[in-house]
Structures are given as C-alpha cells and as structure tokens.
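Below: the structure, in structure tokens.
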Amino acid sequence: MRARICLAVLAALVLGWAGTASAEKKRVGVPRFDGPQEATVRRAVMQVLKSDGYEVVGAKELDGTAKSVGAELDSNDGFKAVAKELAISAFVTGEVAKKKAKLTVRNRSE
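If you count the sequence shown from 1, position 6 lands on -1 in the numbering used here, and the numbers rise without skipping.
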C-alpha cells in the first residue's frame, strides 16, 4: 500500500514537472537505486512512468553513456553530461530501505 502511495506521489511530481503537453515524449532516466530490493522498486517506478506516457531510459543505457562520456552518475556534472548526450529531461533516483523508499526527481539542469 505504501509503495503505491509513493508511486502515485512520484507520478504526480513528474506530471507536474512536465508542464504543458508536447508532441514528443519526455525522456526520463532511471538509474540503479541504492539499497535492498532496489530492482523491484525501480521496476515499479519505470512502469508508472511508462504508463503515464514517458520514454524511460534504463540503468544499462545510462551507465554505458556515462562511461562513454567519462562521467559518473554521482554528481550534478555527471547527470548533466548524460542528460545532454541522451536528451533526457529528468532523472528519478532512489534510496530503498527495508520499509520505505526515498525517491528524488531531478531535472537535467540540477
């Protein structure tokens, strides 16, 4: 139940961030989260984003691009470089604990 609420809040944040509708899909990067069961939570986040019409860029593509441009997804500069290379508008990052998950939506300029 809490996971669904968390995902609903995330979807609302992302939808609010999107602003006005455009003809092209917004691309959202979802790198690997930190913590136990991260893959389960990340998969759920990706499903919500896809069902709301976003094009999701997964961890493998993000990691490969980061490596090819000499960046790491642990700093603002790293996220900016990958966002520019892949035309990503936002990233959803997460920290998963045993009973909760903290998700963060960051735009490409943060």
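Where is the CB? At the ideal position from N, CA and C, for every residue including glycine. The structure presented is a predicted model; accordingly, all values stated were derived computationally and were not measured.
#1: Taking the Cβ atom as the reference point for each residue, do residue 48 and residue 73 lie within a distance shorter than 7 angstroms?
#2: Using DSSP with H/G/I as helix, E/B as strand and the rest coil, what is residue 26?
#3: For residue 76, which three-state DSSP category applies?
#4: Keeping to the same chain, check which residues put their C-beta closer than 6 angstroms to that of residue 99; ignore five residues upstream and five downstream.
#5: Output needed for residue 59: all residues of its chain with C-beta closer than 7 angstroms, excluding positions within five of it in sequence on either side, in chain order.
#6: Among 39, 25, 37, whose alpha-carbon lies nearest the alpha-carbon of residue 88?
#7: Can you tell me where the alpha helix (DSSP H) holding residue 19 begins and where it ends?
#8: Rounded to whole angstroms, what is the Cα-Cα separation between residue 32 and residue 95?
#9: Tell me whether residue 63 is buried or exposed, calling it buried when 16 or more other Cβ atoms sit within 10 Å of its Cβ.
#10: From 61, 42, 30, pick the residue whose C-alpha is nearest to that of residue 23; which is it?
#11: So what does residue 99 bridge to, in DSSP terms?
Let me spell this out:
#1: Reading the sequence shown from its first residue, position 55 is the one you call residue 48. Reading the sequence shown from its first residue, position 80 is the one you call residue 73. If you check the CB distance, residue 48 and residue 73 do not come in under 7 angstroms.
#2: For the purposes of this step, residue 26 is taken as the residue at position 33 of the sequence shown. DSSP, reduced to helix, strand and coil, places residue 26 outside both helices and strands of the structure shown, so it counts as coil.
#3: Here residue 76 is taken as the residue at index 83 of the sequence shown, counted from 1. Helix at residue 76.
#4: The sequence position of residue 99 within the sequence shown is 106, counting from 1. A distance below 6 angstroms between beta-carbons, with the five flanking residues on each side excluded, links residue 99 to the following residues of its chain, in chain order: 84.
#5: Reading the sequence shown from its first residue, position 66 is the one you call residue 59. The beta carbon of residue 59 sits closer than 7 angstroms to the beta carbons of 65, 66, 71, 75 from its chain, once the five residues preceding and following it are set aside; these are given in chain order.
#6: Sequence index remark: in the sequence shown, residue 88 carries index 95 (1-based). Residue 88 has its Cα closest to that of 25, out of 39, 25, 37.
#7: Taking the sequence shown and counting its residues from 1, one reaches residue 19 at position 26. Note, residue 19: premise wrong, no alpha helix (DSSP H); not H, not E.
#8: Against the sequence shown, residue 32 aligns to sequence position 39. Against the sequence shown, residue 95 aligns to sequence position 102. Spanning the two alpha carbons is a distance of roughly 14 angstroms.
#9: Your numbering for residue 63 matches position 70 in the sequence shown. When all chains shown are included, residue 63 counts as exposed.
#10: On the sequence shown, residue 23 is found 30 positions in, with the first residue counted as 1. Minimum Cα distance to residue 23 is reached at 42.
#11: Counting from one through the sequence shown, the residue named residue 99 turns up at place 106. According to DSSP, which records beta bridges pairwise, residue 99 is partnered with 84.
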